[in-house]
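In the working numbering, the protein residues as written are 18 to 142.
#1: Are there 16 or more other CB atoms within 10 angstroms of the CB of residue 49, so buried, or fewer, so exposed?
#2: Please classify residue 83 as buried or exposed, where buried requires at least 16 neighbouring CB atoms within 10 angstroms.
#3: Measure the alpha-carbon distance for residue 101 versus residue 73 and round it to whole angstroms.
#4: Which runs of the beta strand (DSSP E) at least 3 residues long sit entirely within the region 28-89? Give them in chain order.
#5: What is the DSSP secondary structure of residue 115, counted as helix, strand or coil?
#6: Under 8 Å: do the region 125-135 and the region 60-77 share three or more Cβ pairs, one atom per stretch?
#7: Please classify residue 98 as buried or exposed, where buried requires at least 16 other C-beta atoms within 10 Å of its C-beta.
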């Protein structure tokens, strides 16, 4: 028999306060250290992130739920639950959800500078 444990309202409020909606779904920072940032990202079915690269960080992605199509330096990659993908400093990348359920992704970002303005924008998508 499975027992449901109630989640305290204060914890739910804390999670909602950290949630940042985006054009493609949303994300929240699960953990932050001066040289490591862990984000939980949710990408809606049919949605795609912007193409970008970073000056100061590497990223390691882990697909928790759903299917993903990604591109790293214009090389396509298909990812399923449990798959991982490593992104080097300066690698142009994006990820999309071609499926019918939300894509849940953990992004582990490591480097000397992890602020949101560490982005090399790309033209187009």
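Virtual Cβ for every residue (Gly too), placed ideally from N, Cα, C.
According to the data block:
#1: exposed
#2: buried
#3: 20 Å
#4: 42-50, 53-60, 74-82 and 85-89
#5: coil
#6: yes
#7: exposed
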